[in-house]
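Undergrad: Here you go, one structure.
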Amino acid sequence: MSAQSVKLSGWVNSIRAVGGIVFLEVIDGGSLDIYTVVVKKSRNPEVWQRASKIKTGSAITIRGTIPEVQVSKRGLEVHATNLEVLAEPIDLLPLDPAGTTPALLDTIIEHRYVALRMAKQRAIFRIRAIVASAAREYLESNGFLEVHTPKICGAGAEGGATLFQLDYFGRRAFLSQSPQLYKQMLMCGISRVYELTPYFRAEPHSTIRHLNESWGIDVEMGFIDSVEEIMGILEGLIAHVFARVKEVASRELDALGVKLSEPRRPFKHLDYSEALEILKSLGFEIDWGQDLGSTEEKAIGEFMLKEGYDAYFIVNYPWDAKPFYIMRKGKLSAAFDLDYKGLELASGGQREHRYNELVENIRIKGLNPDDFSFYLKAFKYGMPPHGGFGLGLDRLVMVITQSQNIREVVLFPRDRQRLLP
RNA sequence: GCCCCGGUCGUAUAGUCUGGUCUAGUAUGCCGGCCUGUCGAGCCGGAGAACCCGGGUUCGAAUCCCGGCCGGGGCGCCA
């Protein structure tokens, strides 16, 4: 048996020198692995000389061997036979990559690239990537085609939400607030589509769960029998993502101190009217037809959790509280929200696919059908019954990583104040 | 946009209520030294902040008052 030789490139996260031995704690390019690089004066005077002068935060390449006998209690021990410093910091690090001295969220965001050397930060963004790939995996195995719709749009999607305006060769254009209208138009030619996409919203909110640029998983499916079919896909998607993260990201979850439990299935279907009853019993005064505010959502979340449900659908919303493209069922609608512990993760529903009814809905909402002609045209050529949902990717990652603020799970968040970096 | 709280060495904080004793304390990081198995290393020494910006009160302001900017939280807004 001989020692295995290795090449290791990464950053020095901490240095401990004990007499003629230098211990470098090194992390690699992205995993959660930690290496303890050992350099002894007696064995390698030249390398030791260099190692004892190295600065925390330096980017280095090590060549060395992995000894049979591992003494280090932390990380894989590597005995360096060569050490090359590729770049060293020219300023004090803006935060402690080893995580001993805490950093405020604002400091982390300002220096996210350095913060990513902290185990917890890596864990969050590794989980984020796993969530995205697990979602793709599930949707593709269910016959959904990934599509990419425009983010520069000539018309505001549904009216209502505030849009970012921009100049498009002298014409007025907007950043897409949602792929809603485009994914529906696609239902005239493809039966199942999905898109991982940014949503741009110019709302001046400042909360722990809103951003002006956020990411969503948008799904639309045609030839459906009922709205239940859509909820089935959404529930399956959520369940698959949780299961996948649990399966492949145990180290990341450990690093975050998160014990992830998969949501109880089947998800409870809570009627909007039932939700109002619950709220009434909790002392809230809500008139039928009103949308639920965040305080109400949280109260329902707590109530449902006591009943044993972390994830639940709220169904049968009043149509008045929903957008024009949602199918009407008298005073009610074929729309649903998916909430997880009081946080809205997704909303969706069956759409109105009949041309005349759709035009009528637009009018009822006080909008002008002419403004939607590019969209309405798609409903003239054999549009099947269809529906879908938009699932907030940031919020899903937030829930899985048990982050308190949505900014924690977005590398460079865009909020009202933050435009750089 | 409204309400509450905050802004002090690179980082994280103490100090502010009860103005002077703060030439601003501590931890970590940083610099120098000692130590051949540290692993939140240890020990010794050192540098580092006129306290977000502007104005005011006062003999005297990190501390009190006003405005602005920024941060955290709550609400509103939210296809």
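Okay, so the first sequence: first residue is 50 according to the working numbering, each after it adds one.
Note that the Cβ used here is the ideal one computed from N, Cα and C, for glycine as well.
To the nearest angstrom, report how far apart residue 285 and residue 445 are at their CA atoms.
TA: Translated into the one-based positions of the first sequence, residue 285 becomes position 236. Translated into the one-based positions of the first sequence, residue 445 becomes position 396. The straight-line gap from Cα to Cα measures roughly 14 Å.
Undergrad: Write down the C-beta distance between residue 123 and residue 70 rounded to the nearest angstrom, noting that I regard them as a contact closer than 8 Å.
TA: Numbered from 1 along the first sequence, position 74 holds the residue referred to as residue 123. Numbered from 1 along the first sequence, position 21 holds the residue referred to as residue 70. Rounded, the Cβ-Cβ distance is 15 Å, inconsistent with contact.
Undergrad: Using 8 Å as the Cβ pair cut-off and three pairs as the minimum, do the stretch 405–421 and the stretch 236–243 touch?
TA: No contact exists between the stretch 405–421 and the stretch 236–243.
Undergrad: Between which two residues does the beta strand (DSSP E) holding residue 97 run?
TA: Taking the first sequence and counting its residues from 1, the one referred to as residue 97 is at position 48. Unbroken run through residue 97 is the alpha helix (DSSP H), 94–100; no beta strand (DSSP E).
Undergrad: Within 8 Å, do at least three Cβ pairs link the stretch 433–451 to the stretch 303–316?
TA: Short answer: they touch.
Undergrad: Candidates 194, 157, 76 and 162: which alpha carbon is nearest residue 271's?
TA: Numbered from 1 along the first sequence, position 222 holds the residue referred to as residue 271. Measuring from the Cα of residue 271, the nearest candidate turns out to be 194.
Undergrad: Suppose the cutoff is 7 Å on Cβ atoms and the five residues either side in sequence are ignored; what does the same chain contact list for residue 116 look like?
TA: As a first step, residue 116 is located in the first sequence; it is residue number 67 there, counting from the start. Taken in chain order, the residues that qualify are 52, 126 and 128.
Undergrad: Apart from the five residues just before and just after residue 459, which ones in its own chain have a Cβ nearer than 7 Å to its Cβ?
TA: Counting from 1 along the first sequence, the entry for residue 459 is found at position 410. Here the set comprises 260 and 443.
Undergrad: Using only the alpha-carbon positions, how far apart do residue 222 and residue 228 sit?
TA: Indexing the first sequence from 1 puts residue 222 at position 173. Indexing the first sequence from 1 puts residue 228 at position 179. If you take the alpha carbons of residue 222 and residue 228, they lie about 15 Å apart.
Undergrad: Report the partner residues of residue 395 according to the DSSP bridge assignment.
TA: Within the first sequence, numbered from 1, the residue matching residue 395 stands at position 346. Beta-bridge pairing links residue 395 to 387 and 440.
Undergrad: Take residue 424 and list the residues in its own chain whose beta-carbon comes closer than 7 Å to its own, dropping the five residues that flank it on each side.
TA: In the first sequence, the residue the question calls residue 424 occupies position 375. Taken in chain order, the residues that qualify are 230 and 234.
Undergrad: Classify residue 155 as helix, strand or coil using the three-state DSSP reduction.
TA: Taking the first sequence and counting its residues from 1, the one referred to as residue 155 is at position 106. Residue state, collapsed to three classes: helix.
Undergrad: Would you call the stretch 291–304 in contact with the stretch 334–341, where contact means no fewer than 3 C-beta pairs closer than 8 Å?
TA: These segments do not touch.
Undergrad: Can you tell me whether residue 334 is helix, strand or coil according to DSSP?
TA: Residue 334 sits at position 285 when you count from the first residue of the first sequence. Looking at residue 334 - three-state DSSP - the assignment turns out to be coil, as it is neither helix nor strand.
Undergrad: On the DSSP bridge list, what partners appear for residue 81?
TA: Within the first sequence, the letter at position 32 stands for residue 81. Bridge partners of residue 81: none, in fact.
Undergrad: Roughly how far, in whole angstroms, is the beta-carbon of residue 287 from the beta-carbon of residue 436, given that I think they are within contact range, below 8 Å?
TA: Position 238 of the first sequence, counted from the start, is the residue given in the question as residue 287. Position 387 of the first sequence, counted from the start, is the residue given in the question as residue 436. Between residue 436 and residue 287 the Cβ distance is about 17 Å, and since that is not below 8 Å, they are no contact.
Undergrad: If we ignore side chains and look at the alpha-carbon of each, how far apart do residue 256 and residue 102 end up?
TA: Mapped onto the first sequence, residue 256 falls at position 207. Mapped onto the first sequence, residue 102 falls at position 53. Distance between the alpha carbons of residue 256 and residue 102 is about 45 Å.
Undergrad: Just checking my contact of residue 300 with residue 358 at CB under 8 Å: how many whole Å lie between their CB atoms?
TA: Residue 300 sits at position 251 when you count from the first residue of the first sequence. Residue 358 sits at position 309 when you count from the first residue of the first sequence. No, residue 300 and residue 358 are not in contact; Cβ-Cβ is about 29 Å, not under 8 Å.
Undergrad: Take every Cβ of the stretch 155–171, pair it with every Cβ of the stretch 180–187, and state whether three or more of those distances are shorter than 8 Å.
TA: Segments in contact, no.
Undergrad: Can you list, in chain order, the residues of its chain whose CB lies under 6 Å from that of residue 465, leaving out five sequence neighbours each side?
TA: Start at 1 with the first residue of the first sequence, and residue 465 comes out as number 416. Taken in chain order, the residues that qualify are 253 and 255.
Undergrad: Just to confirm, is the Cβ distance from residue 376 to residue 393 under 8 Å?
TA: Within the first sequence, numbered from 1, the residue matching residue 376 stands at position 327. Within the first sequence, numbered from 1, the residue matching residue 393 stands at position 344. For residue 376 and residue 393, no; Cβs fall outside 8 Å.
Undergrad: For residue 167, name the three-state secondary structure that DSSP assigns.
TA: Here residue 167 refers to the residue found at position 118 of the first sequence. Three-state DSSP puts residue 167 in coil, outside helix and strand.
Undergrad: Can you give me the start and stop residues for the beta strand (DSSP E) that residue 350 sits inside?
TA: As a working mapping, residue 350 is identified with position 301 in the first sequence. Per DSSP, residue 350 belongs to no beta strand (DSSP E); it is in the alpha helix (DSSP H), 343–355.
Undergrad: Leaving out the 5 sequence neighbours to the left and right, which residues in its chain are closer than 6 Å to residue 247 when beta-carbon positions are compared?
TA: Position 198 of the first sequence, counted from the start, is the residue given in the question as residue 247. Cβ neighbours of residue 247 beyond the five flanking positions: 262 and 264.
Undergrad: Which residues in the same chain as residue 384 place their Cβ atom closer than 6 Å to its Cβ, once the five residues preceding and following it in sequence are excluded?
TA: Working through the first sequence from its first residue, we reach residue 384 at position 335. These residues qualify, in order along the chain: 366, 371, 375 and 398.
Undergrad: Look at the alpha carbon of residue 166 and the alpha carbon of residue 243, and state the distance between them as a whole number of angstroms.
TA: For this step, residue 166 is matched to residue 117 along the first sequence. For this step, residue 243 is matched to residue 194 along the first sequence. Between residue 166 and residue 243, the C-alpha separation is close to 33 Å.
Undergrad: I'd like to check one pair, residue 154 with residue 463: are the Cβ atoms closer than 8 Å?
TA: The residue labelled residue 463 in the question sits at position 414 within the first sequence. The residue labelled residue 154 in the question sits at position 105 within the first sequence. It is not a contact, given that the beta carbons lie outside the stated cut-off.
Undergrad: Assuming contact is defined by CB atoms lying nearer than 8 Å, are residue 298 and residue 173 in contact in what I supplied?
TA: Taking the first residue of the first sequence as position 1, residue 298 is located at position 249. Taking the first residue of the first sequence as position 1, residue 173 is located at position 124. In this structure, residue 173 does not lie closer than 8 Å to residue 298 by Cβ.
Undergrad: DSSP on residue 188, reduced to helix/strand/coil?
TA: For this step, residue 188 is matched to residue 139 along the first sequence. Looking at residue 188 - three-state DSSP - the assignment turns out to be helix.
Undergrad: Start and end of the alpha helix (DSSP H) containing residue 289?
TA: Here residue 289 corresponds to residue number 240 of the first sequence, with the count starting at 1. It spans 276–297 - the alpha helix (DSSP H) in which residue 289 sits, taken as one unbroken run.
Undergrad: Could you compute how far the alpha carbon of residue 65 sits from the alpha carbon of residue 282?
TA: If you number the first sequence from 1, residue 65 lands on position 16. If you number the first sequence from 1, residue 282 lands on position 233. In a straight line, the C-alpha of residue 65 is about 52 Å away from that of residue 282.
Undergrad: Which first and last residues belong to the beta strand (DSSP E) in which residue 371 is found?
TA: Counted from its first residue, the first sequence places residue 371 at position 322. Careful: residue 371 lies outside any beta strand (DSSP E) and carries neither H nor E.
Undergrad: Measure the Cβ-Cβ separation of residue 404 and residue 428 and say whether it is below 8 Å.
TA: Position 355 of the first sequence holds residue 404. Position 379 of the first sequence holds residue 428. Yes, they are a contact pair.
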